[in-house]
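In what follows, a structure is listed as structure tokens, so that the remarks can point back to it.
Number of protein chains: 2
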Amino acid sequence: MDPDEFRRAGYAVVDWIADYWTMLGKRPVTSQDPPGTVAAALPASPPEHGEPVEAVLADLDTLITPRLTHWQHPGFFGYFPANTSGPSVLGDLVSSGLGVQGMLWATGPACTELETVMLDWLAGIMDLPQRFRSTGPGGGVIQDSASSATLVATLGALHRASGGRWRAVGIDRRYRAYTSTQGHSSIEKAARIAGLGEDGVRPIEVDPETLAMRPAALRAAIEADRAAGDVPAIVVATIGTTSTTAVDPLPEIGAICAEYGVWLHVDAAYAGAAAVCPELRWSHAGLEHADSYCFDPHKWLLTGFDCDAFWVADRGELIEALTVMPEFLRNAATESGAVIDYRDWQVPLGRRFRALKLWFVLRWYGVEGLRAHIRTGVALADRFARRVAADDRFDLAAPHPFSLVCFRLRAGDEASAALLARVNGTGRVHLTHTRVGGRYTLRLAVGSPLTAEEHVDEAWELLASAASDVLAG
Amino acid sequence: MDPDEFRRAGYAVVDWIADYWTMLGKRPVTSQDPPGTVAAALPASPPEHGEPVEAVLADLDTLITPRLTHWQHPGFFGYFPANTSGPSVLGDLVSSGLGVQGMLWATGPACTELETVMLDWLAGIMDLPQRFRSTGPGGGVIQDSASSATLVATLGALHRASGGRWRAVGIDRRYRAYTSTQGHSSIEKAARIAGLGEDGVRPIEVDPETLAMRPAALRAAIEADRAAGDVPAIVVATIGTTSTTAVDPLPEIGAICAEYGVWLHVDAAYAGAAAVCPELRWSHAGLEHADSYCFDPHKWLLTGFDCDAFWVADRGELIEALTVMPEFLRNAATESGAVIDYRDWQVPLGRRFRALKLWFVLRWYGVEGLRAHIRTGVALADRFARRVAADDRFDLAAPHPFSLVCFRLRAGDEASAALLARVNGTGRVHLTHTRVGGRYTLRLAVGSPLTAEEHVDEAWELLASAASDVLAG
């Protein structure tokens with residue numbers, strides 16, 4: 001494809017996306033087609049001779065788009081948001097066009113340096129502790145996801161807890177990881193990948209009201225493990241748990257980690273974005289105790305997946321844990337010690353130029369634009385929660401400090417599950433569920449920049465009406 | 001950014017990329033600016049108020065692009081290629097615009113099914129063993145990189161070698177991984193991440209001529225470890241090693257793995273693409289013994305990073321190793337057992353719709369277009385190697401079955417290193433180095449679709465001329 005063919009086809013794809021976004025609100029949010037529909041409609045092998053882009057776009061319209069869950073839809077309220085925006089798409093497009101590999105500083109100097117500066121910019125507008133800024137011994141990097149951030153933090157923690165032995169001998173003791181019963185499944189997965197096993201993860205009980213970790217229970221678990229000869233390696237605390245956006249008490253947890261010399265990683269995958277707003281920074285109190293911290297601009301900060309922003313207080317420790325230096329990667333810049341090679345901060349070797357999409361987003365929206373986006377989400381969630389609270393068939397299941405509302409029918413689990421199925425079946429909205437205190441609970445998470453009051457109101461009306469049907473049946 | 005703003009700005013970015021590709025050959029391949037140049041030129045914080053896209057594109061031209069290593073440049077011959085193409089960029093642009101999360105089938109049915117079909121398409125045109133097709137117990141998935149593929153294979157191998165214990169208890173024995181001394185650094189990194197430690201990786205000696213693994217040495221290492229009570233878990237064989245594109249003897253290695261019940265992973269990150277050409281499939285002989293296999297369409301198959309194609313012979317085993325099921329991800333489709341949830345095939349939870357770029361590439365080029373691209377690379381490398389062989393100041397350091405040529409000056413390491421520095425200093429080409437048999441060796445890897453005979457000839461002329469200077473000095 002020569003540059004002029006690319007230009008023509010590129011305009012067509014840009015138009016396709018603009019049209020998709022324009023009409024998105026009129027589509028069903030999810031597909032009702034059974035498994036195998038797409039696969040059955042595709043040929044068994046690729047064409048022998050090339051085809052024009054128009055043919056692929058036509059199939060995109062008929063085969064693919066109707067069988068998607070539309071995450072950017074204004075009626076998508078499932079999971080946590082994973083939103084993108086025009087400037088993010090454009091920054092990523094530039095990245096695709098440049099096709100630069102940022103594994104080493106030398107393989108893309110501007111790719112590395114823009115990333116360092118973008119993470120400093122984010123740390124600045126979120127007022128993160130100085131220890132995470134690149135001007136000191138810390139610094140930030142883009143990971144693909146909070147799952148990978150947790151894994152990388154776990155590896156740094158093992159390196160530290162072993163006194164450096166782990167690099168050579170691996171797991172030769174029972175290292176332990178701690179998180180609340182509300183911690184994300186990626187914490188168990190990271191521990192499993194790192195060779196700690198499921199037994200290596202100690203679930204710490206939470207306060208039944210706030211659903212936040214109980215520091216006393218954490219201390220007791222660490223003490224018990226130490227008494228058994230096990231090695232406490234890492235505590236993963238959460239700002240904004242996945243089920244209900246609970247906030248663990250970092251000041252107390254941080255003090256315990258400091259006392260026992262345990263690495264503290266703070267997972268703020270979804271709720272971290274809230275820290276761009278001064279009035280929501282209470283959620284980050286105590287973060288100065290953390291050895292590492294991450295949040296996902298690709299969740300609630302208008303930057304397309306994948307973009308997890310991960311910071312460490314001591315980058316040297318992380319690099320020591322992860323670096324491997326084969327001859328074919330040796331280069332003068334690395335040996336000078338004056339540069340960052342981000343391959344040593346992550347699992348993979350290769351890496352895209354992901355800082356570009358952050359740069360485009362931060363400059364297009366400006367700080368005030370990002371704050372407006374967060375505040376809109378919080379206000380819409382609050383608007384929805386007030387409807388729920390005013391209807392005595394419903395209960396709010398947990399506090400809603402951010403843009404997630406957890407609620408259920410007082411009639412019980414079966415009714416709540418039936419309500420979810422019924423409202424999702426309309427195709428107008430998509431919500432997901434969790435369990436809170438063992439009870440089936442619906443979650444409505446606001447995040448799409450397309451979501452406005454009318455969509456939240458429609459969601460409520462659909463729920464209220466479906467509740468009548470469910471409770472009548 | 002509303003759809004019409006996106007349309008206007010999108011055209012501008014498409015034009016920017018088309019112009020970049022048009023003028024790319026006239027740029028220096030690398031930047032000569034010292035570390036910190038980009039960071040120093042950027043402001044300390046993002047703007048308070050938003051800025052137009054034009055302002056960002058202007059800074060892209062003045063600040064960023066001049067300080068890149070241009071991986072798509074026709075004179076880029078470093079490392080292995082990491083090339084993209086117009087259709088790949090467009091497929092990825094659609095993915096960015098859709099902003100779909102493919103973690104579960106339910107969160108993007110077409111995202112999952114297109115991926116399964118694309119991996120079957122690739123398996124078909126490469127004539128991969130039937131065991132890797134999704135129609136049987138195996139199947140394929142897109143990983144970000146071969147590093148992650150090796151890690152995931154290692155986890156599957158640990159699950160198997162432990163008889164299922166590993167999920168619960170982690171690393172409680174000395175599991176061992178085997179690869180040749182020419183194996184990629186990501187194998188050591190995967191073993192370290194998985195908790196085996198550097199000691200857990202056994203480097204197996206190679207034939208000094210072919211640089212391929214010696215099966216007898218592999219057998220001896222496995223026997224020695226078993227005798228010591230260690231548990232051989234995985235052998236990573238390579239088709240196309242990073243230093244010299246050596247090909248390990250899979251039939252013999254496969255037989256040994258079968259005898260001892262060890263997982264065989266085959267890493268064909270770069271050279272796997274060659275299997276689209278029937279005349280290069282000799283390199284894949286014996287692959288039917290492998291438990292897993294990967295190659296990178298993002299290296300030599302015109303698909304932008306990240307796109308590693310990874311197959312397993314038994315998907316159930318891999319899923320068992322990696323799955324974690326929290327309440328908030330439960331859904332009817334998963335519970336039906338009729339769908340694939342690709343989150344269970346990889347480290348992260350979230351995932352982009354990366355199958356789109358493969359779909360665009362496979363359809364735009366067709367099978368014959370992909371074969372033509374591979375054959376061009378092989379022919380250009382051979383053309384270059386003939387120049388080297390005809391100049392008695394130079395030696396070829398290894399066979400060149402694919403598109404990589406390894407060579408050095410007979411005058412020794414210092415002269416070869418000086419030659420590399422001098423020729424890269426011209427800014428017209430970029431080569432990297434390795435060591436072969438302990439000796440400093442230059443590598444010229446062809447891969448860019450922009451690279452033609454004139455560029456390879458220019459590279460040779462620059463090298464021949466620089467050699468005269470080096471040898472005279």
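Protein chains in written order, with the UniProt record's numbering: chain Z, 1 to 473; chain E, 1 to 473. Glycine included, C-beta positions come from ideal geometry on N, C-alpha and C.
CB contact check: residue i to chain Z, cutoff 8 Å
i	result
Arg192(E)	yes
Ile64(E)	yes
Ala168(E)	yes
Lys189(E)	yes
Trp311(E)	no
Asp341(E)	no
Tyr293(E)	no
Ala338(E)	yes
Asp230(E)	no
Thr84(E)	yes
Gln72(E)	yes
Close beta carbons around residue i, own chain, < 6 Å, minus the five adjacent residues each side
i	result
Val361(E)	Pro87, Ser88, Leu302, Thr303
Ala313(E)	Arg131, Gly138, Asp291
Ile125(Z)	Val276, Val367
Val100(E)	Gly108, Cys111, Phe353
Candidates the options: closest to residue i by CA position
i	options	result
Arg214(E)	Gly195(E), Val235(E), Phe76(E)	Val235(E)
Asp395(Z)	Arg351(Z), Thr441(Z), Gly272(Z), Ala417(Z)	Thr441(Z)
Asp199(Z)	Asp230(Z), Thr241(Z), Phe76(Z)	Asp230(Z)
Val262(E)	Val276(E), Ala237(E), Arg330(E)	Ala237(E)
Ala271(E)	Pro66(E), Glu252(E), Thr242(E), Leu329(E)	Thr242(E)
Arg219(Z)	Cys257(Z), Thr210(Z), Arg27(Z), Leu196(Z)	Cys257(Z)
Ala190(E)	Arg173(E), Glu223(E), Gly156(E), Pro208(E)	Gly156(E)
Gly108(E)	Gly99(Z), Gly377(Z), Gln72(Z)	Gln72(Z)
Tyr20(E)	Arg165(Z), Phe6(Z), Leu250(Z), Ser147(Z)	Phe6(Z)
Thr426(Z)	Asp59(Z), Ala459(Z), Ala379(Z)	Ala459(Z)
Counted within 10 angstroms of its Cβ, other Cβ atoms place residue i as buried (16 or more) or exposed
i	result
Lys299(E)	buried
Met1(Z)	buried
Gln32(Z)	exposed
Arg131(Z)	buried
Arg8(Z)	exposed
Glu113(Z)	buried
His49(Z)	exposed
Arg354(E)	buried
Lys357(Z)	buried
Ala390(Z)	exposed
Beta-carbon proximity of residue i to residue j, cut-off 8 Å
i	j	result
Leu471(E)	Arg343(E)	no
Ser180(Z)	Val201(Z)	no
Leu419(Z)	Leu404(Z)	no
Phe310(E)	Val117(E)	no
Leu431(Z)	Leu450(Z)	no
Gly75(Z)	Arg428(Z)	yes
Arg176(Z)	Ala233(Z)	yes
residue 489(E)	Trp345(E)	Past the boundaries of the shown model lies residue 489(E); chain E is included only from 1 to 473, so the question cannot be answered.
Sequence-distant residues of its chain with Cβ nearer than 7 Å to residue i (five each side left out)
i	result
Ala221(Z)	Tyr178, Arg202, Ile204
Leu193(E)	Reading off the sequence, residue 193(E) comes out as Ile, not Leu. Excluding positions up to five away in sequence, the list reads Leu151.
Arg383(E)	Glu453, Val456
Trp16(E)	Leu57
Chain E contact for residue i (CB, 8 Å cutoff)
i	result
Ala58(Z)	no
Gly412(Z)	no
Ala274(Z)	no
Pro87(Z)	yes
Trp345(Z)	no
Tyr11(Z)	yes
Thr135(Z)	no
Ser403(Z)	no
Ile17(Z)	yes
Residue i CB to nearest heavy atom of the ligand SAH below 7 Å
i	result
Leu404(E)	For the structure depicted, the ligand SAH is absent and the ligand set is empty, with no information on it obtainable.
Contact set for residue i: own chain, Cβ-Cβ below 8 Å, skip 5 residues either direction
i	result
Gly136(E)	Gln130
Pro278(E)	Asp127
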